[in-house]
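In our numbering, the protein residues as written are 112 to 309.
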C-alpha cells in the first residue's frame with residue numbers, strides 16, 4: 112500500500128501519519144527522507160570500495176647476494192669432498208692384502224716432501240716418541256695421541272743411514288694395528304699418532 116501526501120493538513124507535513132488529520136502519507140517521497148538515504152549511501156560507498164580494492168601486501172625479505180656466499184659454499188664443499196676422499200681411502204686400505212698395503216705405504220711415504228733426508232735411529236722407547244723424532248727431522252709438527260693403551264707399547268728401532276720415509280715405514284710395520292700414523296702435508300705439515308681403540 113502506498114501513501115500519498117496529506118492534502119488535508121495545512122502544514123503539509125511529510126510524516127508517515129499526519130499529526131493533525133492522522134491521514135497516511137507516502138513518507139519515502141519526503142525531501143528529508145531522500146536526503147538521509149543519499150547521505151547513508153554516500154557514507155557506505157567508501158566501505159564497499161575499500162573492501163573490494165584492498166590488496167594483500169606481503170613483505171619479502173631479500174636474502175644475501177649469491178655471489179657473496181659462493182666462496183663460503185665452495186670452502187664447505189671442498190671440506191666435504193676431502194672428508195669423503197679420506198673415508199673412501201680408509202675403506203680401500205682396509206680391503207688391501209698385506210703386499211698391497213706395503214706397496215701403498217712405500218708409494219705414500221716416498222712422495223712425502225721432507226722425508227728424503229737420511230737418519231740413524233737406535234732406541235727402545237714408545238712408538239710415539241720415535242714418530243716425534245722422525246717428524247722433527249722431517250720438519251713436521253707432531254700431534255701426540257689423545258689416549259694411551261691399557262698396556263704400554265715399546266718398540267726397538269735400530270736403523271742406520273736410512274731415509275725418513277723408510278724409518279717411518281719401519282715404525283709403521285712395528286706398531287701394526289696397535290696404532291695409526293697419519294701424515295698431512297696441507298695446509299701444514301703434521302704427523303698425527305693415535306692408538307687404536309679397543
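Note that CB positions come from ideal geometry on N, CA and C, so glycine has one too.
**Q.** Own chain, CB closer than 8 Å to residue 240, minus 5 neighbours either side, in chain order
**A.** 234
Q: Could you have a look at residue 262 and say whether DSSP puts it in helix, strand or coil?
A: coil
Q: Tell me where the alpha helix (DSSP H) around residue 280 begins and ends.
A: 275-286
Q: Determine the DSSP secondary structure at residue 244, reduced to helix, strand or coil.
A: helix
Q: Look at the alpha carbon of residue 242 and the alpha carbon of residue 197, and state the distance between them as a whole number of angstroms.
A: 22 Å
Q: Specify the secondary structure class of residue 292 as computed by DSSP and reduced to three states.
A: strand
**Q.** Residue environment, residue 280, which counts as buried when at least 16 other CB atoms sit within 10 Å
**A.** buried
Q: Tell me, please, which residues DSSP counts as bridged to residue 176.
A: Bridge partners of residue 176: none, in fact.
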